[in-house]
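Following: one structure in structure tokens, then a few remarks.
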Amino acid sequence: MESSEIRIPKDLERRQFLKLIGASALAIGVAITAPRMGFLSTSTAIDNPLAFYPNRDWEAIYRDQHRVDKVFKFVCAPNDTHNCRLEASVRNGVITRIEQPYDIGSYQDLDGNHATANWNPRGCLKGLAYSRRVYSHSRIKHPVVRAGWKQWADDGFPRAADGTADRKYFKRGEDAWVELEWDEIAEYVAMGLENVATSYSGEVGAQRLRDQGYPEEMLETLKDEDGDYAGIRTFKLRGGMGFLGATRLMGMYRFGNMLSLLDDHLRGKGPEKSLGTRGFDNYAWHTDLPPGHPMVHGTQTFDQEFNDFWNSDLIVMTGLNLVSNKMADPIWWQSLIERNGRIVVISPEYNASAPKADYWVQIRAGSDSALNLGIAGLIMREGTYKDDFVKKFTDYPVVIRTDTLKVLRAEDVPGIAMVDPGDTWLDEHGEVVQEMDEELKTSSVMVMKDGTPIGFDRNAVGDYLETGLASNGYTLDDIDLNWSGTVATSDGSINTRTTFNLYIELTEEYTLANTSKLTDIPEETIRKLTDDIVKAKNVGFLTGMGSNMYFHNDLINRAQYLVATLTGNVGKPGGNVGSYAGNYKAPVFNGLPSYIAEDPFDQTMDPTVDGRDIKKRMKLVFESVHFWDHGDKPLIIDTPKEGRVVVTGESHMPSPSKVVWTANANLLGVAKWHYNQIANVQPKQEMWMVQDYEWNMNCEYADFVFPVDSWVEFSR
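Its first residue numbered 1, the sequence shown is counted upward by one per residue in this note's numbering.
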């Protein structure tokens with residue numbers, strides 16, 4: 001094949017050559033780019049630019065990033081008491097974002113009452129980021145049993161003569177985990193519960209516990225009415241805080257009550273004499289419980305709802321940091337800033353709530369009781385207390401015997417005139433709502449300014465007292481609030497003083513100067529705070545569990561109530577004492593007794609029955625976790641003079657703990673004296689079971705761990 005040659009004319013000049021090359025390059029360039037440059041067409045004339053826009057299909061690329069397949073509502077229910085209803089968006093089965101639904105105004109109860117939209121917005125950044133916990137690497141996804149415990153069960157639960165198991169089976173925190181199916185792990189749990197209950201029942205079981213070092217007083221708690229020992233009483237079940245899920249968490253106590261069926265199966269004592277388990281408490285264990293509250297008014301804790309702050313014109317915050325710890329509902333108290341109300345924050349440190357206050361009172365830690373006694377002393381000495389309120393609604397006029405320091409009973413004063421309105425709390429049918437044992441229906445005494453004692457019943461409160469006094473020819477002004485003198489009784493004349501008079505004496509030493517020294521608060525600040533409280537119409541005393549951490553916590557609580565009652569700030573809109581560690585009063589959940597204590601031996605099967613008519617048989621007994629955290633023993637002291645003294649009374653005596661089962665409660669993780677609990681106390685327990693949705697310290701040292709739904713996963 002002959003090769004071809006490109007022949008260039010000899011007469012081709014350089015200029016012509018360059019022109020030829022340029023034209024060729026342009027032709028090639030156009031051929032390559034023309035398809036891509038097609039959009040550079042001649043612009044079209046547009047008469048109305050507002051009626052025309054270029055193609056926007058490209059926007060779908062970024063708009064699709066926020067597309068969701070569905071949205072749903074859920075309740076965010078941590079231990080902050082708010083229970084905010086939030087909205088989650090889902091795409092491809094995964095939560096992509098969580099937002100506030102702003103739908104509170106649509107909430108409606110069974111009677112058709114609607115919530116106000118003023119609650120909006122609800123929620124906090126923790127709740128909006130909750131999906132991070134749902135998809136956390138620490139989520140528990142399968143039921144597991146510790147390998148050593150499983151081996152103990154597979155070996156037939158071998159025990160030494162004293163009932164203890166070989167330590168090789170109980171290497172908690174070190175052992176491997178075995179994943180089982182639900183049916184299989186349930187079999188192991190059932191076998192374990194039956195074995196433990198059997199091992200510590202009867203005289204043989206009691207002797208084993210004695211050999212293990214448990215005092216006889218603890219063994220007494222295992223006895224039924226025949227004096228026989230029931231090993232089921234060594235079971236301790238604990239649900240988390242009730243209002244985080246009343247049925248699912250209080251279900252632990254229902255289960256404890258139902259386990260009386262197991263006791264009957266093992267000991268054959270029948271429905272009447274079989275026993276249930278013990279139930280570990282929550283509220284007091286967390287120190288959420290303000291011990292002084294029931295001492296003042298008999299209620300476990302008093303809390304007004306957050307929207308009641310709107311009715312206050314002065315808020316005094318102490319032992320509490322609402323900005324950091326109550327983030328969902330700030331609108332109700334911070335609204336005072338806009339409405340010319342006043343806010344005072346009392347705390348040792350300048351916390352996150354302090355910038356919201358009109359002034360911050362820096363107090364020496366733990367001296368809250370001294371501050372309140374100083375304020376109360378000023379109010380009483382200067383006579384700026386609410387006289388009518390004090391006489392109608394408090395026990396300050398009540399006469400106290402100085403020989404016994406107990407209340408003088410009207411029954412002990414012959415011929416005394418009485419103010420007794422009878423039962424005043426009646427239902428729609430005229431029936432008494434709340435009955436009281438006859439032995440408790442005693443009456444107290446107040447003394448008039450003319451020296452006449454007047455008896456009054458527990459129902460002689462408010463207008464009932466005023467009406468009753470009028471029927472005896474007296475008015476509220478006739479009551480001698482500061483009485484001190486003798487009263488003739490059936491035992492002769494005795495010296496008496498009113499409660500108010502005793503408080504006057506108590507606060508004598510709490511002068512401005514002394515109170516300032518005790519609290520490190522300047523005198524002028526104490527005076528200013530006192531004057532502000534006296535002048536305010538409605539004072540909200542907002543307290544928290546910070547005050548409950550001290551050994552004199554009851555005195556702090558009672559001193560707070562002393563100031564509140566003297567100024568008439570109890571039981572009215574905007575004027576109350578609230579302990580915002582958590583509003584978890586069990587009485588708020590009206591169906592609790594029927595749910596927990598339904599008769600295991602004769603359950604109510606009619607789905608239409610009134611909840612109040614459900615048959616009940618309470619077999620569960622509650623016990624404070626404090627005793628477990630005290631080495632699983634009561635408070636018993638060896639003294640030089642009295643010898644062995646059992647301080648813990650029969651009503652609070654703990655039983656030996658052999659089975660511990662918790663739900664939504666990181667018991668080991670929050671326990672004080674942690675090392676002692678892990679090293680010395682928990683080894684005494686033979687079954688430790690945990691229900692939770694994230695792995696925690698309680699899981700790490702458990703024998704069984706069960707996964708549960710998170711808040712967004714509840715289907716019913």
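For each residue, glycine too, the CB sits at the ideal point set by N, CA and C.
Looking at C-alpha atoms only, which residue of TYR135, TYR350, CYS699, VAL539 is the closest neighbour of TRP309?
Along the sequence shown, read from residue 1 onward, the residue named residue 309 stands at position 309. Checking the sequence, you will find Phe at residue 309 rather than Trp. PHE309 has its Cα closest to that of VAL539, out of TYR135, TYR350, CYS699, VAL539.
Beta-carbon contacts of ALA702 that lie in its chain and below 6 Å, excluding the five residues immediately before and after
Residue numbering aside, residue 702 sits at position 702 when the sequence shown is read from its first letter. Excluding sequence neighbours, ALA702 sits near TRP688, VAL690.
Which word fits LYS326, buried or exposed, when buried means at least 16 other C-beta atoms lie within 10 angstroms of its C-beta?
Working through the sequence shown from its first residue, we reach residue 326 at position 326. LYS326 comes out buried.
Go ahead and pull the three-state DSSP assignment for GLY163.
The residue labelled residue 163 in the question sits at position 163 within the sequence shown. Reduced to three states, the DSSP call for GLY163 is coil.
For GLU203, which residues in the same chain have their Cβ closer than 8 Å to its Cβ, ignoring the five residues on either side in sequence?
Here residue 203 refers to the residue found at position 203 of the sequence shown. Correct list, in chain order: TYR229.
Does DSSP classify LYS615 as helix, strand or coil?
Walking along the sequence shown from the start, residue 615 turns up at place 615. The answer is coil: DSSP assigns LYS615 none of H, G, I, E or B.
Through-space distance from GLU686 to ASP610, alpha-carbon basis:
Counting from 1 along the sequence shown, the entry for residue 610 is found at position 610. Counting from 1 along the sequence shown, the entry for residue 686 is found at position 686. Distance between the alpha carbons of ASP610 and GLU686: 41 Å.
So what does DSSP say about GLY292, is it helix, strand or coil?
The count along the sequence shown starts at 1 and reaches residue 292 at position 292. DSSP places GLY292 in helix when its eight states are reduced to three.
Check each candidate in THR608, LEU620, ASP606 and name the one with the smallest Cα separation from ALA597.
Taking the first residue of the sequence shown as 1, we reach residue 597 at position 597. Checked all of THR608, LEU620, ASP606; the closest Cα to ALA597 is LEU620.
Can you tell which of ALA115, ASN576, ASP368 has its C-alpha closest to the C-alpha of HIS552?
Taking the first residue of the sequence shown as position 1, residue 552 is located at position 552. The candidate whose alpha carbon is nearest that of HIS552 is ASP368.
Decide yes or no for the touch test of the stretch 230-242 against the stretch 557-577: beta carbon pairs closer than 8 Å, at least 3 of them.
no
At least 3 beta-carbon pairs within less than 8 Å: the stretch 526-545 vs the stretch 368-385:
yes
PHE704 to ARG612 span [Cα, whole Å]
Translated into the one-based positions of the sequence shown, residue 704 becomes position 704. Translated into the one-based positions of the sequence shown, residue 612 becomes position 612. Cα-Cα distance, rounded: 36 Å.
Taking three-plus beta-carbon pairs below 8 Å as touching, is the stretch 441-456 in contact with the stretch 404-417?
yes
Any heavy atom of the ligand MN within a distance shorter than 6 Å of the CB on GLU187?
Of ligands this structure carries none, so the ligand MN is not represented either.
Of the residues ASN340, LEU476, ARG497, THR442, which one's Cα is nearest the Cα of THR404?
For the purposes of this step, residue 404 is taken as the residue at position 404 of the sequence shown. Of the listed residues, the one whose Cα sits closest to THR404 is ARG497.
Three-state secondary structure (DSSP) of ILE363:
Locating residue 363 in the sequence shown gives position 363, counting from the first residue. In this structure, ILE363 counts as coil in the three-state DSSP scheme.
Counting Cβ pairs, one atom from each stretch, are 3 or more of them under 8 Å apart for the stretch 123-130 and the stretch 167-176?
no
Could you give the distance in angstroms between the alpha-carbon of GLY643 and the alpha-carbon of PHE627?
Along the sequence shown, read from residue 1 onward, the residue named residue 643 stands at position 643. Along the sequence shown, read from residue 1 onward, the residue named residue 627 stands at position 627. The alpha-carbon atoms of GLY643 and PHE627 are separated by roughly 22 Å.
Determine the DSSP secondary structure at CYS84, reduced to helix, strand or coil.
Position 84 of the sequence shown, counted from the first residue, corresponds to residue 84. Residue state, collapsed to three classes: strand.
Since ARG208 contacts SER199 with CB under 8 Å, what's their CB separation in whole angstroms?
Reading the sequence shown from its first residue, position 208 is the one you call residue 208. Reading the sequence shown from its first residue, position 199 is the one you call residue 199. Contact flag correct, Cβ pair sits at about 7 Å.
By the DSSP assignment, the beta strand (DSSP E) with VAL433 in it spans what residues?
As a first step, residue 433 must be located in the sequence shown, where it is residue number 433. Element bounds for VAL433: n/a, residue is neither H nor E.
Backbone CA spacing between TYR510 and LEU371 [nearest angstrom]:
Counted from its first residue, the sequence shown places residue 510 at position 510. Counted from its first residue, the sequence shown places residue 371 at position 371. Cα to Cα, the separation comes out at about 8 Å.
Tell me the DSSP bridge mates of ASN472?
As a first step, residue 472 is located in the sequence shown; it is residue number 472 there, counting from the start. None; ASN472 has no bridge partner.
Pull the bridge partners of THR498 from the DSSP assignment, please.
Along the sequence shown, read from residue 1 onward, the residue named residue 498 stands at position 498. Paired residue(s): VAL399.
Host beta strand (DSSP E) of LYS236 (start-end):
Residue mapping note: residue 236 aligns to position 236 of the sequence shown, counting from 1. Here the beta strand (DSSP E) through LYS236 covers 235-239.
Could you give the distance in angstroms between the alpha-carbon of ASP629 and the alpha-carbon of LYS684?
Taking the first residue of the sequence shown as position 1, residue 629 is located at position 629. Taking the first residue of the sequence shown as position 1, residue 684 is located at position 684. If you take the alpha carbons of ASP629 and LYS684, they lie about 13 Å apart.
Does GLY383 pass the burial test, meaning 16 or more other C-beta atoms within 10 Å, or should it be called exposed?
Counting from 1 along the sequence shown, the entry for residue 383 is found at position 383. The residue is exposed, with fewer than 16 neighbouring Cβ atoms inside 10 Å.
By DSSP, does GLY205 sit in helix, in strand, or in coil?
In the sequence shown, the residue the question calls residue 205 occupies position 205. In the structure shown, GLY205 sits in a helix (DSSP, three-state: H, G or I).
Compute the Euclidean distance between the alpha carbons of LEU668 and THR525, then round it to the nearest angstrom.
Numbered from 1 along the sequence shown, position 668 holds the residue referred to as residue 668. Numbered from 1 along the sequence shown, position 525 holds the residue referred to as residue 525. Rounded to whole angstroms, LEU668 to THR525 spans 43 Å at the Cα level.
Per-residue burial, ARG339 [other beta carbons within 10 Å of its own, 16 or more giving buried]:
Here residue 339 refers to the residue found at position 339 of the sequence shown. Classification for ARG339: exposed.
Could you tell me whether the stretch 387-401 touches the stretch 483-499, using the rule of 3 or more Cβ pairs below 8 Å?
yes
Assuming GLU775 and LEU262 make a contact with CB atoms under 8 Å, what is their CB distance in whole Å?
Beyond the ends of the chain as shown, which are 1 and 716, falls residue 775; an answer cannot be given.
When you compare only the Cα positions, how much space is there between VAL323 and PHE589?
The count along the sequence shown starts at 1 and reaches residue 323 at position 323. The count along the sequence shown starts at 1 and reaches residue 589 at position 589. Distance between the alpha carbons of VAL323 and PHE589: 28 Å.
Leaving aside the five residues before and after LEU320 along the sequence, list all residues of the same chain whose C-beta is less than 7 Å from its C-beta, in chain order.
By 1-based counting over the sequence shown, the position of residue 320 is 320. Closer than 7 Å at the Cβ level, and outside the excluded window around LEU320, lie LEU542, THR543, GLY544, GLY546, TYR580.
What does DSSP give as the partner residue(s) for PHE456 in the beta ladder?
Translated into positions along the sequence shown, residue 456 becomes position 456. VAL419, SER444.
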